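Remarks on the structure that follows.
Number of protein chains: 2
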Amino acid sequence: MKKTIRTMEDFSAFVGLSRPTVSKYFNDPNSVRKKTREIIEAAVKQSGFRPNIFAVNLNRRRTNILGIIIPNSTDPFYTALTRRIEGIAEQAGYLAFVLSSDGKPELEERAIETFKSMNVAGSIIAPLGVQSHQEKLLKLGESIPMIYVDSPLDTVSPFVGTNNRQSFQLIVDYLTRSGDAPCYFGMPPVNSNAFERREAYSEAMESLSLEPRIIEVEQAADWDFEKSAFDATIQILRNGGFPTKTVLCANDRVAFGVIAAAFQLGVKVGRGDDCALRVAGHDDQPLSRYMCPPLTTVAQNYNEIGRLAAALLFHKLGEHQDSKFELPANERILLNAEIMLRMSA
Amino acid sequence: MKKTIRTMEDFSAFVGLSRPTVSKYFNDPNSVRKKTREIIEAAVKQSGFRPNIFAVNLNRRRTNILGIIIPNSTDPFYTALTRRIEGIAEQAGYLAFVLSSDGKPELEERAIETFKSMNVAGSIIAPLGVQSHQEKLLKLGESIPMIYVDSPLDTVSPFVGTNNRQSFQLIVDYLTRSGDAPCYFGMPPVNSNAFERREAYSEAMESLSLEPRIIEVEQAADWDFEKSAFDATIQILRNGGFPTKTVLCANDRVAFGVIAAAFQLGVKVGRGDDCALRVAGHDDQPLSRYMCPPLTTVAQNYNEIGRLAAALLFHKLGEHQDSKFELPANERILLNAEIMLRMSA
DNA sequence: GTCAAAACTTGTCGCGCGTAAAGATTTATT
DNA sequence: AATAAATCTTTACGCGCGACAAGTTTTGAC
């Protein structure tokens, strides 16, 4: 009757060891003798026993839960990043709990409070750019290690993200070499990237002694990027078109909207002579390579962003560094992006 | 010094009430007098106190955690479904914990065990179609309510999903009325939908006295649908092309791959006279309307799937039904899909 | 003002496990 | 074989809160 194995007490009786020994095993399998470990592992396999998560984390100096907050749960960029972090966390014996702020400051605040009530060991956050929550985040950051990704909270907190200056220099440089200079199609002001990227575009243009040309579109601060870009592009194309025949978008999802609108109005997108418009993006979303035409863009290295964010966090948690988790020199990491030359520009 | 408010003990002293009263409030705000409630709510707002989740759930007959398992965390269909369920769960005072099996049976098993160790109140699962795990899932189902979505586990467990027969009848009927009859491009065999949809296509064709034409492609059982469809389509188009000029895909992501491959080889997709190929999908992914051409497909009602799955679950949990949660008659719910006529077919 | 019901307080137990101390047993070293 | 070192067992406490019992105060109806 192994059905009765519900508690560690039951389980320790089942394996024929004392509960403290079994407890030690679950906290660190290497803290018990090899033979003991094998006995326990066999019993685990046979019974399927796992310690109750709530009991484990109630009376622990530090829980084994990591809190992850992303601003949008349906954006493949964030889900891919999250998946990477979840994998690393699990390998290190942590459980990653993912909450989405869904673009709303209230939900971001709720998520923070949920994590506080869970006493998470640490947190990785892709913040909204909302001024009012810096305070709450910083306060939480006083008690537990927090790493920001994608978009920085401020100028000092630990951060891992893409170097927008480098990435826009790269794509602007390519576009100007291969055709006329790009105008810039922004993204909704959902976080600081919206502003940073526009700046980065302007700087890149100026460094080439070119006049930045930013398309002024009002976009609501929601995450339906494709729709707002699509609607705006329809308007623009009907009213004389873009100022140049090359459009650089703040991110791929914006580019999807632009390309779809152009297609609908019969404006051919691509780098061929028969094309009326070149469109480039930023991020390299999973679907970008399957667009028609395949989207020329710069790839954010989300694998590396996830890995480094996790490495920074584990370092702060005092975890033993595996050799694979080589720690970067400082806590503000800007990764270079890689240009993906495809057919759209 | 409100800094010292860490436990409910601290908090109850802060508000000037006893701890059991405060505890009652957190379990059901309506169980205390209105005046008391207001005092507590003001103090909560001021101090930001939330009961420790682990302590709360350790000593409770039933936790307030719902376990959700999806097979792929980067597929917008599942993330949209998940978001819907999360929202409903939160409204009902539950915390939704989402784990992805990432297409791997081992991870699905791990997820089940994690939820077991969390003693979740109930679970909503989009299962892999792996025979070997039915047993584990059914065993877990003996102790807690479980609802299956997207793809059924068996023929008897509670299930909410789309009626593939109806949806394929719909799209096959449209395609045959508006052009030649479609051949069928399957999806990788990742779950039972892969088989069910092929069957549904065949039945729909036969009901129109047409010969089903299924394209035989070997696809690995992973979730990189676009890639496998893209590669296979390149092969097909180079070797004589599709058997008909209309291709019905098992889902939109497969259609993305087909369309991208056609574009790359200069085969024009669409319903115009100048087009060589019509392509239709299934699911209505968020990006489908922004494809070039916009994808004709059938829309799965993921909002309704999420709502009904949650309603079924809450019913089994004995939650008071809000009027908005009208319970369906039985536990096997097949929703009708809606056809989305766009430009690709 | 009286009295019962409702709502509160005080006190206590236990959820399942981490953790520590002290003693018993096994293993490794010489 | 003797001894130290490593590993185990036994025992006990407490994490923060839910739950319950018994006693006390407040509320509302008459």
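If you read the protein sequences in the order shown, they are chains D and E. Residue numbering for the first sequence follows UniProt numbering, starting at 1 and increasing by one per position. Residue numbering for the second sequence follows UniProt numbering, starting at 1 and increasing by one per position. For every residue, glycine included, the Cβ atom is placed at its ideal position computed from N, Cα and C. Fair warning: this is a prediction, and the values are worked out from it, not measured in the lab.
| query | result |
| --- | --- |
| Continuous alpha helix (DSSP H) stretch holding D:S100: start and end | Careful: D:S100 lies outside any alpha helix (DSSP H), inside the beta strand (DSSP E) at L95 to S100. |
| Beta-carbon gap between D:M343 and D:G270 smaller than 8 angstroms | yes |
| D:T233 (DSSP reduced to helix, strand or coil) | helix |
| Nearest-angstrom beta carbon gap, D:I69 and D:A126 [assumed within contact, 8 angstroms] | 7 angstroms |
| Buried versus exposed, by CB contacts within 10 Å (16 or more), residue 348 of chain D | No information on residue 348 of chain D is available, as it lies outside the stretch 1 to 345 that chain D covers here. |
| Beta-carbon neighbours of D:R83, restricted to chain E and to distances below 8 angstroms | S73, T74, S100 and D102 |
| Three-way DSSP call (helix, strand, coil) for D:S12 in this model | helix |
| Contact set between D:E113 and chain E, taken where Cβ atoms lie within less than 8 angstroms | G48 and R50 |
| Alpha carbon of E:K227 to alpha carbon of D:P189, nearest angstrom | 33 angstroms |
| Close Cβ partners of D:L210 (< 8 angstroms) along its chain, the five nearest in sequence each way excluded | T176 and A181 |
| Nearest neighbour of E:T104, chosen from E:L248, E:D222 and E:A337 [CA to CA] | Reading off the sequence shown, one finds Lys at residue 104 of chain E, where the question assumed Thr. Selected option, being the one with the closest Cα: E:D222. |
| Chain D contact residues for E:L287, given Cβ-Cβ distances below 8 angstroms | E226, F256 and L287 |
| Alpha carbon of D:F54 to alpha carbon of D:V149, nearest angstrom | 28 angstroms |
| 8 angstroms Cβ cutoff, D:I124 in contact with chain E | no |
| CA-to-CA distance, E:A260 to D:P293, given in whole angstroms | 8 angstroms |
| Residues of its chain near D:Y302, where Cβ-Cβ distance is below 7 angstroms and the 5 sequence neighbours each way are ignored | F77, A80, L81 and R84 |
| Min CB distance E:S117 to chain D below 8 angstroms | yes |
| The region 139 to 153 of chain D / the region 90 to 104 of chain D touching (three or more Cβ pairs under 8 angstroms) | no |
| Contact set between E:Y302 and chain D, taken where Cβ atoms lie within less than 8 angstroms | Correct list: empty, because the minimum Cβ distance to chain D is about 11 angstroms. |
| Interface partners of E:A260 on chain D, CB under 8 angstroms | R289, Y290, M291, C292 and P294 |
| Residues of its chain near D:F115, where Cβ-Cβ distance is below 7 angstroms and the 5 sequence neighbours each way are ignored | G67 and S123 |
| C-beta atoms of E:N191 and E:L334 nearer than 8 angstroms | no |
| Interface positions of the UniProt domain "HTH lacI-type" (6 to 60) of chain D facing chain E (Cβ-Cβ less than 7 angstroms), listed along the chain | G48, R50, P51, N52, I53, F54, A55, N57 and L58 |
| Residues bridged to E:Y148 [DSSP beta-bridge criterion] | E:I125 and E:F159 |
| Burial state of E:N239 (16 or more Cβ within 10 Å) | exposed |
| Selection of the region 237 to 254 of chain D by Cβ proximity to chain E, strictly under 9 angstroms | R253 |
| Chain-ordered chain D contacts of E:A80 [CB-CB under 7 angstroms] | T74 |
| E:G186 vs E:A250 beta-carbon contact at 8 angstroms | yes |
| Spatial neighbours of D:S47 in its chain, beta-carbon cut-off 7 angstroms, leaving aside the 5 residues before and after | K2, I5, F11 and F14 |
| Min CB distance D:S323 to chain E below 8 angstroms | With a pLDDT of 43 at D:S323, under the threshold of 50, the modelled position of that residue is not reliable, and no figure is offered here. |
| Chain E within 8 angstroms of D:F230, Cβ atoms only | yes |
| Residues bridged to E:R19 [DSSP beta-bridge criterion] | Answer is none; E:R19 lacks a bridge partner. |
| Chain D contact for E:F185 (CB, 8 angstroms cutoff) | no |
| Cβ-based neighbour list, D:I234, same chain, cut-off 6 angstroms, excluding 5 preceding and 5 following | A261 |
| Simplified DSSP assignment, three categories, for D:V267 | coil |
| Residue from D:F314, D:G318, D:T74 and D:M340 whose Cα sits closest to the Cα of D:E90 | D:F314 |
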